[in-house]
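Numbering (my numbering), first residue to last: 770 to 834.
In this text, a Cβ means the ideal position worked out from N, Cα and C, and glycines have one as well.
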């Protein structure tokens, strides 16, 4: 979901991966502190940080091969 580089709501992500919303917020805050994702707390949305997007691209290429 995050591989497209767009903002995604935590509600959308929680429903997609079947995770409790409150736990997802905790994870989002942790990943944001590590600068792995950007977390807009006002909009409750996240996106992958550009400097970490290579991890998703590399893994997607390996999975599709």
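- Short of 8 Å from the beta carbon of residue 775, and not among the five residues preceding or following it, lie these beta carbons of its own chain, in chain order: 816.
- Only residues of its own chain outside the window of five on either side were considered, and among them 808, 815 have a CB closer than 6 Å to the CB of residue 797, listed in chain order.
- Shown here for residue 793: same chain residues with a beta carbon closer than 7 Å to its own, the five before and five after excluded, namely 779, 782, 783 in chain order.
- In the DSSP assignment, residue 795 falls outside any beta strand (DSSP E) and within the unbroken alpha helix (DSSP H) covering 790 to 802.
- In the three-state scheme derived from DSSP, where H, G and I count as helix and E and B as strand, residue 816 is classed as strand.
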